[in-house]
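Remember, my numbering sits 33 above the position in the sequence shown when you count from 1.
Every residue, glycine too, gets a C-beta built ideally from N, C-alpha and C.
Remember, it's a predicted structure, so these values are computed and weren't measured experimentally.
Here is the structure we will look at.
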Amino acid sequence: MGLHPPKIETFDVAAGTNTDPKGFVRAVDDYHEEPFGLYLSRAMIEHPTLTHLRSWLLPGLGIRVTDFTWKPGHERLQDHYIDIADVTRDGTTWWTEDHYVDLVVHTGERTEVLDLDELAEAVAAGLLDVERAERALTTSHRTLGGLAAAGHDLDRWLAGHDVTLTWT
34 MGLHPPKIET FDVAAGTNTD PKGFVRAVDD YHEEPFGLYL SRAMIEHPTL THLRSWLLPG
94 LGIRVTDFTW KPGHERLQDH YIDIADVTRD GTTWWTEDHY VDLVVHTGER TEVLDLDELA
154 EAVAAGLLDV ERAERALTTS HRTLGGLAAA GHDLDRWLAG HDVTLTWT
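This is the structure we're talking about:
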């Protein structure tokens with residue numbers, strides 16, 4: 034993907050929109066808030082490989098969990114994609130700042146860690162400070178360890194944090 038600053042997204046529940054890291058404002062089909070986080074569902078208009086995404090922003094865990102719907106012929110063997118991110122909110126507006134590291138959960142089998150090279154490059158280039166990089170590593174290690182202990186079952190691991198995700 035190349036060197037880039039942390040990706041920031043805005044989720045405006047009142048307006049029913051999601052502003053992606055490139056500044057494109059997308060309509061959100063569904064927002065749903067729970068005490069532990071925010072759910073969103075939206076179409077992936079004109080995306081080359083995806084038709085839909087459903088995500089949970091989980092500020093207490095420092096993650097965004099996504100379930101993608103793939104176009105025929107582009108399917109990937111994965112169950113959930115986890116972005117390590119700071120999740121903040123002010124009223125009905127939420128933000129994520131992606132901290133490069135991603136986890137791909139293959140339920141019952143394994144969890145892959147991706148993009149550690151991007152994290153290192155961003156820190157070396159001064160795009161991500163040491164405090165946020167350390168938080169990203171701590172969060173990714175804690176999440177990976179928890180998933181491994183739960184048999185790489187996201188729902189089982191989240192249940193231990195009183196989090197139950199629904200995908201509508």
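In the DSSP assignment, what are the bridge partners of Thr201? Partner(s): none; Thr201 has no beta bridge.
Tell me, please, which residues DSSP counts as bridged to Leu90. Leu71 and Arg97
Quick check on the DSSP output: the beta strand (DSSP E) that includes Glu142 runs from which residue to which? Neither: Glu142 is in no beta strand (DSSP E) and is coded neither H nor E.
Which residues in the same chain as Ala169 place their Cβ atom closer than 7 Å to its Cβ, once the five residues preceding and following it in sequence are excluded? Ile117, His132, Tyr133, Val134 and Leu152
Taking only three categories from DSSP, how would you classify Asp150? helix
Rounded to whole angstroms, how far is the Cβ of Gly70 from the Cβ of Pro38, which I believe are closer than 8 Å? The Cβ separation is near 24 Å, so there is no contact.
Three-state secondary structure assigned by DSSP to Glu167: helix
Ordered along the chain, which non-local residues of its own chain (more than five positions away) have a Cβ less than 7 Å from that of Ala158? Leu36
State the Cα-Cα distance for the pair Phe57 and Ala155, rounded to the nearest angstrom. 23 Å
I think Asp123 touches Gly95, with their Cβ atoms under 8 Å apart; what is that distance to the nearest whole Å? Contact doesn't hold; Cβ gap of about 18 Å is too wide.
Along the chain, where does the beta strand (DSSP E) containing Ala118 start, and where does it finish? His113 to Asp123
Output the distance between the C-alpha atoms of Asp112 and Phe44, rounded to the nearest integer angstrom. 23 Å
Residues in its own chain within less than 6 Å of Leu160 by CB, not counting five upstream and five downstream? Pro38
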